[in-house]
Amino acid sequence: MSFSPEQTLFLSLKVAFTAMLINLPWGLWLGWFLARKQFRGKMLLDTLVNLPLVLPPVVTGYFLLVVFGREGLLGRWLYDAFGLALSFTWQAAALAAAVVSFPLYVRSVRVAIENVDPRLEEAARVLRAGRWQVFRRITLPLSINGVIAGLILAFARSLGEFGATIMVAGNIPGETQTIPLAIFSLVNQPSGERSAMILILISILFSYAGLALSEYWLRRWKRQLAE
Amino acid sequence: MQAHQPPNSREPVLGVRAFLRLGAFSLDIGFSIGARFTALFGPSGCGKTTTLKVIAGLLRPERGHIRLNGRCLFDSERDCDLPPEQRGVGLVFQDARLFPHMTVEENLRFAFKYIRQGQQRFDFDEVVRALQLQPLLTRKPRSLSGGETQRVAIGRMLLAAPDILLLDEPMAALDIPTRLHLLTELRDIHERFRLPMLYVSHDLATVLNIADEVLLMQKGRITGQGAPETVLADYISTGLLATETVRNIIHGHVVRHDDALGTTTIRANGIELVLPRVQRAPEQAIKLELPASEIILATVQPQQISARNVLRGTVRNILQIGNRTLVRVDAGLMLTVEIVEATVQALNLKEGCDVFMIIKATAFRLLN
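Going down the list, the sequences are from chains F and P. To get my numbering, take the position in the first sequence, counting from 1, and add 348. To get my numbering, take the position in the second sequence, counting from 1, and add 4.
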């Protein structure tokens, strides 16, 4: 199959967006949980969440394969029950990107929520708002800029994901070959360097834009905090 | 029970029995209060705020029960522990806690979504008018002064339609004129909306001037309950009282100006008082502060005296406060006079005896 930069770019964006959607709700919940709850084993959970940050992505990918592969613990059940085979599909790439970028997102959510004054939440409770309403009307609006900064950072990390992706999704052009995988393949081909250059430039552009945007929302958040 | 027909003011509205340990501090309280303006008075750190949090459901007691208008809010013996949002207990915090991302109006309307039809006690416009919030509605909390912030916080809590309003020293950070002004408004709201209030304070003057009843709190226990004079007299005898300036607050209206003498005459509770000329049109409302120590007592009518105000009245009670003495005199207008103990004996002051209060025109301070 011939190489197409548009297709690779589109696939990468699709994978990163899907990863973001997977992480969005429960990263928010977990960040809130870690920020607001005291419980036994909190440090253990915190470490577990942050593990993909320092673990070699290849190892993360290996574990994903063990769990979600055709012979994996969950993978076998998914296949038997629903006929779903996750490994070596773009969905597997999205899953890998989600797991690897998850700590960045949760961390941002947690810090953002920790900086919301819990006394305001108390005041809202007394004003007849239930827990969920307090989260929706007080906690989230006061931390949303930090949450968005985290989402963007995680999105940028997803776009660059390589190690876990190649383990669990392979490197199939047009199907699971995202930008970093394509660069890797192209550079290893005799005449691929020109094409790789385009993707390298795109990568730099996206990374830079991601960091700048994340920083922008971080500043908005800090301004809001100062109020 | 209908929210708009509160029970007889002496019937218990709120009943509390609670035990709670917080580190080295332990709270062990039992009391019940009626539909009145009750002050919870005691030194800093005695557990006043903790008590309010327990009632509001923000702190959970280890043992006890809390009842509001016959409703169980908490009972460690039974399966009863309502979350704060279902208690119908309003709490105005010392630090106001306005939501910074909302305008004043959004803050005020915060609770509207959670109040069912018919549960609403106060009309939005009515509360806005009573607390003079109209000019603030579009502003953000950070741009408000301390007094404005607390007015919004009180209004916001009222609009959540509580069955009782708890106030945690909401005036502590305010300057004295603002504080007195707001306290008067609060008292008006209490009477107009017939809303039971429990007001936490460690300020004696506030308590004496505003409360129908006082709960005295010391070291996590309720140590007294009753009329302000009685309870505080007991408290004062323990020698724990800080040096407080006791102030009288006088509400009246301008009667006339005498430009030749440079004075203004006002009327309060049918009593005329003379003070230095103020820039205020006749019939306008006026509010004055008069320190209790600025009033002189005499048992015979003074003659040829420079002071412009001589009021005849009857001694209602005499409170001993350490080495200080407060005499409450009813001259149609109730005033508290501070004298030294020796004066009581020299003048042979007793409850029920007639006295003259002598007040210099310059002793008054204009509050509004």
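By construction, the Cβ of each residue, glycine as well, lies at the ideal position given by its N, Cα and C atoms. Predicted model, so just to flag it, every value in this text is computed and none were measured.
| Asked | Found |
| --- | --- |
| Secondary structure of D32 (chain P), DSSP reduced to three states | strand |
| Run of the beta strand (DSSP E) containing F45 (chain P), from where it starts to where it stops | 41-45 |
| Touch test, the stretch 285-297 of chain P against the stretch 252-265 of chain P, Cβ-Cβ under 8 Å, three pairs minimum | yes |
| Neighbouring residues, chain P, relative to E470 (chain F) (Cβ below 7 Å) | L62 |
| Residue ranges of each beta strand (DSSP E) within the stretch 197-266 of chain P, 3 or longer | 201-205, 217-222, 225-230, 251-262 |
| Reduced DSSP secondary structure (H/G/I, E/B, other) of N352 (chain P) | coil |
| Test: L219 (chain P) CB closer than 8 Å to a CB of chain F | no |
| Contacting positions in the stretch 188-222 of chain P - beta carbon closer than 9 Å to chain F | none |
| For V314 (chain P), three-class secondary structure by DSSP | strand |
| Residue from P:G266, P:E293, P:Q154 with nearest C-alpha to V96 (chain P) | P:Q154 |
| Cβ-Cβ distance between I363 (chain P) and N321 (chain P) below 8 Å | no |
| Short CB-CB distance (under 8 Å) between G478 (chain F) and chain P | yes |
| Contact set between the stretch 449-473 of chain F and chain P, restricted to residues whose Cβ is under 9 Å from the partner | D465, R467, L468, E470, A471, A472, R473 |
| N-terminal and C-terminal residue of the beta strand (DSSP E) that E342 (chain P) is part of | 338-344 |
| Interface flag, I486 (chain F) vs chain P, CB-CB below 8 Å | yes |
| Chain F contact for G228 (chain P) (CB, 8 Å cutoff) | no |
| V304 (chain P), buried or exposed, once every other Cβ within 10 Å from all chains shown has been counted against 16 | exposed |
| Euclidean distance between Cα positions of L361 (chain F) and M515 (chain F) | 19 Å |
| Cα-Cα separation, T242 (chain P) to M175 (chain P) | In this prediction, T242 (chain P) scores a pLDDT of 49, lower than 50, which makes its location untrustworthy; the coordinate-derived value is nonetheless stated afterwards. T242 (chain P) and M175 (chain P): Cα-Cα distance of roughly 26 Å. |
| Sub-8 Å separation of L178 (chain P) and F128 (chain P) beta-carbons | no |
| Straight-line gap, L294 (chain P) to L488 (chain F) (C-alpha atoms, nearest Å) | 49 Å |
| Candidates P:G356, P:L170, P:I309: closest to T42 (chain P) by CA position | P:L170 |
| Rounded C-alpha distance that separates P87 (chain P) from G61 (chain P) | 6 Å |
| Local conformation of V20 (chain P) per DSSP, three classes | strand |
| Of the residues F:G522, F:K570, F:T524, F:A497, the one placed nearest A560 (chain F), counting alpha carbons only | F:A497 |
| Other residues of its chain near C357 (chain P): CB distance less than 8 Å, five sequence neighbours each side excluded | T303, T318, V319 |
| Coil, strand or helix - D334 (chain P) by DSSP | strand |
| Proximal residues of chain F, C-beta to C-beta of V70 (chain P) below 7 Å | Inspection of the sequence shows that residue 70 (chain P) is occupied by Ile rather than by Val. In chain order: nothing, as chain F lies at least about 15 Å away. |
| 7 Å CB neighbourhood of L468 (chain F) in its chain, flanking five on each side removed | I486 |
| Proximal chain F residues relative to I290 (chain P), where beta-carbon distance stays under 8 Å | What I290 (chain P) touches in chain F: nothing, since even the nearest Cβ is about 36 Å away. |
| Bounding residues of the alpha helix (DSSP H) (the contiguous stretch that carries I531 (chain F)) | 527-535 |
| Test item: CB-CB of P400 (chain F) and V448 (chain F) under 8 Å | yes |
| Contact set for A7 (chain P): own chain, Cβ-Cβ below 8 Å, skip 5 residues either direction | Annotation note: pLDDT 42 at A7 (chain P) (below 50); position unreliable, coordinate value reported separately. For A7 (chain P), where only same-chain residues beyond five positions count, the Cβ hits under 8 Å are Q123, R125, A165, D167. |
| Chain-ordered chain P contacts of P489 (chain F) [CB-CB under 7 Å] | H105 |
| Local conformation of I270 (chain P) per DSSP, three classes | strand |
| Any chain F beta carbon closer than 8 Å to F78 (chain P) | no |
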